[in-house]
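Residue numbers (our numbering): 26 to 386. Built from N, CA and C at the ideal position, the CB exists for glycine as well. Data block below; observations after.
As structure tokens, then:
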């Protein structure tokens, strides 16, 4: 090949395209050029696809919401029918549903006591419902669970069969009563003391306890007959005193063991509580600062608790004792002694007195 004077040494020449090849490549390049119409078609297709998917998702979501509302209403109506809730109760529940986080979940009012409590509390705060109407609805719906580990929300939560103390005023000694099965219209008790009277219209304070403490609520006597009294329900339960400090007057025998001797002395409780007790001082034997052990049996099992005499009163005839290192389980047993029927107290006192006489002999 002859040397090309315009070609640099060491370089290879590139053959030039023919006119036909050049036209071919120009056609290929033109095919990839985007026109405004092409851009519109592509964008419109994307918008149409996204819009269609979004519309479908919205429609399906609304369908599921309708299904959930229908299911919730079905459960609500079924529960209403099962519990025989009257028109006034249904109206109250419908009003209560306005306070739900999701009004579509109306079934929560008849199946979830926590949701019921929350809505009921808000209605009470706004003055839109009475304690009696809410308590009656609790009973009808079966929200009577014993929340023994927490503060109760209503008088309805006081367990059937438990012992309560009823006081007409602070100057009269409270008397014991046994809680009967609740009714929507009343908190029912059977008075243990036959001489006690609860005239209709009288205001009373009701005291009871559980593992969370001692509680009280104000009530009004609706009626009395055959040893049974009906009181108004309450939705305002207050903690009366901490478990450690509540005390009550009792008449229960107790053996007192001085730390310096194994011989017990028989005494009688004047007052007993979760943090200490007052009791008779046999032969004025004890003085302030003495360490003692108290043993008594309010039920089938004996209770033992150590304490210190903190003071002496009534000319040396009464000692006041503070407990030491008492467990909550033991404190609960002491409260059972406070809130148990008087008949049991008397039987136990007689039994312990007889044991004391045998010990003396």
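Residue 43 (DSSP reduced to helix, strand or coil): coil
How close, in whole Å, do the beta carbons of residue 332 and residue 317 come, if the pair is a contact with beta carbons under 8 Å? 6 Å
Inside the segment 238-324 only - beta strand (DSSP E) runs reaching at least 3 residues: 238-250, 253-256, 263-266, 272-274, 278-283, 290-298, 301-305 and 316-321
Can you tell me whether residue 106 is buried or exposed? The criterion is at least 16 other CB atoms within 10 Å of its CB, across all chains shown. exposed
For residue 114, count neighbouring C-beta atoms within 10 Å of its own C-beta (all shown protein chains included) and say buried if the count is 16 or more, exposed if not. By the 10 Å Cβ count, residue 114 comes out buried.
Bridge partners of residue 212, per DSSP? When beta bridges are read from the DSSP output, residue 212 appears opposite 256.
Could you tell me how far apart the beta carbons of residue 181 and residue 164 are, in whole angstroms, since I believe they sit closer than 8 Å? 6 Å
Using DSSP with H/G/I as helix, E/B as strand and the rest coil, what is residue 106? helix
Can the beta-carbon of residue 257 be found closer than 8 Å to that of residue 161? no
Could you pull the start and end residues of the beta strand (DSSP E) that residue 202 belongs to? 200-204
Leaving out five residues on either side along the sequence, give the residues of the same chain with a beta carbon under 6 Å from the beta carbon of residue 292. Cβ within range, chain order: 279, 281, 304, 305 and 307.
Looking at the unbroken alpha helix (DSSP H) that takes in residue 114, where does it start and where does it end? Element bounds for residue 114: 112-121.
Thinking C-beta only, is residue 229 closer than 8 Å to residue 197? No; because the gap between Cβ atoms is not below 8 Å, this pair is not in contact.
Put residue 125 into one of helix, strand or coil per three-state DSSP. coil
Taking the straight line between their C-alpha atoms, what separation do you get for residue 118 and residue 101? 10 Å
Using the C-alpha atoms, what's the distance from residue 338 back to residue 201? 28 Å
By Cβ distance below 6 Å, which residues in the same chain neighbour residue 110 in space, the five residues on each side in sequence not counted? 165
So which of 326, 235 and 223 has the shortest CA-CA distance to residue 248? 223
Starting from residue 141, trace the alpha helix (DSSP H) in both directions and tell me its first and last residue. 138-150
Mind checking which residues open and close the beta strand (DSSP E) that includes residue 338? 328-338
Tell me whether the beta-carbon of residue 323 lies closer than 8 Å to the beta-carbon of residue 355. no
Of the listed residues 361, 275 and 329, nearest to residue 348 (C-alpha basis): 329
If you draw a straight line from the C-alpha of residue 76 to the C-alpha of residue 128, how long is it? 30 Å
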